[in-house]
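I have placed the structure first, in the form of structure tokens, so that the comments after it can refer back to it.
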Amino acid sequence: MAINGTRFTFAAGSVAKDTFAVVNFQLSQAYSELFTLDVTLASSDPAVGFEKVLDEMATLTIWQGEEIKRRVRGIVTFCEQGDTGKHQTLYRLTIRPNLWRSAQRRNCRSFQNLDIEGILKPLLKEMGIVKYDTLFRARHDWREFCVQFMESDYEFIRRLTAEEGIFFFEEEYLKANDQKLTFADNCTALTSMGQIPYNPNAASEADTYCINNFRRSAQIRPSQVTLQDYTFTAPNWPAQFQDQPKRMPYQHAAYEIFDYPGRYKDEQHGEDFARYQIEGWRNNADRVMGTSNSPR
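Per our numbering, the very first residue in the sequence shown carries number 41; after that it's consecutive.
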């Protein structure tokens, strides 16, 4: 339930800003995922041209009084015109991030003697994404040879970033009225949301931002990753690396993931890739979930 004074506005493409009124919306967002914003809108215009909104930028703005609490920006990838009543016509739009465009292209190509930033740059530029951040603390060495084979650009980007222990997200800058794709390899790149009080009394949630439901869960996930590779320049090199978490209090340690080839040619990469893989497999082993009326 939204607190008193909360309102929503929506603008898309070349249509006038007051064309749409927000009926409801649902936003699904996660790290290293393409967010999906589904919006149901009402308009006095019974024939908004699809060409005015499809593949154009759109912005959903959440207000508290006259203060902007959050914006979500992306491109309109789906538009549906619904029923027309006495005065209003319903529309349903789906908004995805700019990076979604990379999922609509499939390619075969190779990259030589480039690190992860050098590979990402042309892929993003081809999609018109020139404003993005790379907030890396770990070393990401160059790759002698890297192949994109019958993958969409998005699948290729996601595979490479996962191998390197990198996650991505859309960072919002309210004061600068900006939203930027960000790649990071450490949680220190994340901005704090501040404190939100826990209040299970649902009747009081209309007066203040709070968390009114909180759940914790655990599940069995792989317990060890073993990577194996081979290089003709050092045929006697074992090229095997393993990693497992230090603590697994809820499960046995017999669930191994074996991967070949490991796509590394030196010890440092082998150790890092094994650690990144087990962290990825176990990123939902322990979870907490909550329900809140906060737009953060």
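C-beta atoms are modelled at their ideal positions from N, C-alpha and C, and glycine is treated no differently.
Based on the DSSP secondary-structure assignment, which residues constitute the bridge partners of C186? Residue 186 sits at position 146 when you count from the first residue of the sequence shown. Looking at the DSSP assignment, C186 forms a beta bridge with F151.
May I ask which residues mark the beginning and end of the beta strand (DSSP E) holding K220? In the sequence shown, residue 220 corresponds to position 180, counting from 1. Taken as a continuous stretch (DSSP letters only), the beta strand (DSSP E) holding K220 covers 218–224.
Beta carbon of F281, beta carbon of E307: below 9 Å? Locating residue 281 in the sequence shown gives position 241, where the first residue counts as 1. Locating residue 307 in the sequence shown gives position 267, where the first residue counts as 1. Result yes, Cβ atoms of F281 and E307 sit closer than 9 Å.
Collapsed DSSP secondary structure at Y270 in the structure displayed: Position 230 of the sequence shown holds residue 270. Coil.
Counterpart residues of E212 in DSSP-defined beta bridges: Reading the sequence shown from its first residue, position 172 is the one you call residue 212. According to DSSP, E212 bridges with Q219.
Q308, enclosing alpha helix (DSSP H) - first and last residue: Indexing the sequence shown from 1 puts residue 308 at position 268. Taken as a continuous stretch (DSSP letters only), the alpha helix (DSSP H) holding Q308 covers 307–321.
Taking 9 Å as the cut-off, decide whether the C-beta atoms of I135 and A98 are in contact. Taking the first residue of the sequence shown as position 1, residue 135 is located at position 95. Taking the first residue of the sequence shown as position 1, residue 98 is located at position 58. Yes, the pair counts as a contact, with Cβ atoms nearer than the cut-off.
Beta-carbon separation of A87 and T59 under 9 Å? As a first step, residue 87 must be located in the sequence shown, where it is residue number 47. As a first step, residue 59 must be located in the sequence shown, where it is residue number 19. No. Outside cutoff.
Look at S332 and I236 and say whether their C-beta atoms are less than 9 Å apart. Numbered from 1 along the sequence shown, position 292 holds the residue referred to as residue 332. Numbered from 1 along the sequence shown, position 196 holds the residue referred to as residue 236. It is a contact, given that the beta carbons lie within the stated cut-off.
Under the DSSP definition of a beta bridge, which residues are partnered with S192? Numbered from 1 along the sequence shown, position 152 holds the residue referred to as residue 192. Per DSSP, R146.
Looking at the unbroken beta strand (DSSP E) that takes in I206, where does it start and where does it end? In the sequence shown, residue 206 corresponds to position 166, counting from 1. Segment: none, I206 is in no beta strand (DSSP E) and carries neither H nor E.
Look up I9 in the DSSP assignment and say whether it is helix, strand or coil. The question about residue 9 has no answer, for the chain in this structure spans 41 to 336.
Helix, strand or coil for E120, going by three-state DSSP, please let me know. Looking up residue 120 in the sequence shown gives position 80. In this structure, E120 counts as strand in the three-state DSSP scheme.
Would the region 167–181 count as touching the region 117–128 if we require 3 or more Cβ pairs under 8 Å? no
Answer yes if the region 69–77 comes into contact with the region 200–215, meaning at least three C-beta pairs across the two stretches below 8 Å, and no otherwise. yes
Could you check how far apart the C-beta atoms of E191 and R146 are, in whole angstroms? I think they sit under 8 Å. Within the sequence shown, residue 191 is the residue found at index 151, counting from 1. Within the sequence shown, residue 146 is the residue found at index 106, counting from 1. Right, the Cβ-Cβ distance comes to about 7 Å (below 8 Å), so this counts as a contact.
Is N333 helix, strand or coil when you go by DSSP? For the purposes of this step, residue 333 is identified with residue 293 of the sequence shown, where counting begins at 1. Correct three-state label for N333: coil.
May I ask which residues mark the beginning and end of the alpha helix (DSSP H) holding I169? Locating residue 169 in the sequence shown gives position 129, where the first residue counts as 1. Counting along the chain, I169 falls outside any alpha helix (DSSP H), and DSSP gives it neither H nor E.
Using CA atoms only, rank isn't needed, just tell me which of T76, E184, S257, P240 is closest to V328. Counting from one through the sequence shown, the residue named residue 328 turns up at place 288. The option with the nearest alpha carbon to V328 is S257.
Roughly how many angstroms lie between the CA atoms of F313 and Y295, to the nearest whole one? Mapped onto the sequence shown, residue 313 falls at position 273. Mapped onto the sequence shown, residue 295 falls at position 255. Cα-Cα distance, rounded: 18 Å.
Starting from the Cα of S337, find the closest Cα among F48, V62, Q121, K92 and give me that residue. Outside the modelled stretch of the chain, which goes from 41 to 336, sits residue 337, for which no answer is possible.
Could you compute how far the alpha carbon of K286 sits from the alpha carbon of F50? Here residue 286 refers to the residue found at position 246 of the sequence shown. Here residue 50 refers to the residue found at position 10 of the sequence shown. Using only the alpha carbons, I get a separation of about 47 Å.
Cutoff 6 Å; reference Q110; Cβ partners in own chain excluding five residues on either side: Within the sequence shown, residue 110 is the residue found at index 70, counting from 1. The residue you asked about is not Gln; residue 110 is Arg in the sequence shown. Correct list, in chain order: I102, P335.
As assigned by DSSP and simplified to three states, the class of A51: Start at 1 with the first residue of the sequence shown, and residue 51 comes out as number 11. Of the three classes helix, strand and coil, the one that applies to A51 here is strand, per DSSP.
Report all residues from its chain with a CB closer than 6 Å to the CB of A61; omit the five preceding and five following residues, and keep chain order. In the sequence shown, counting from the first residue as 1, residue 61 sits at position 21. Here the set comprises A82.
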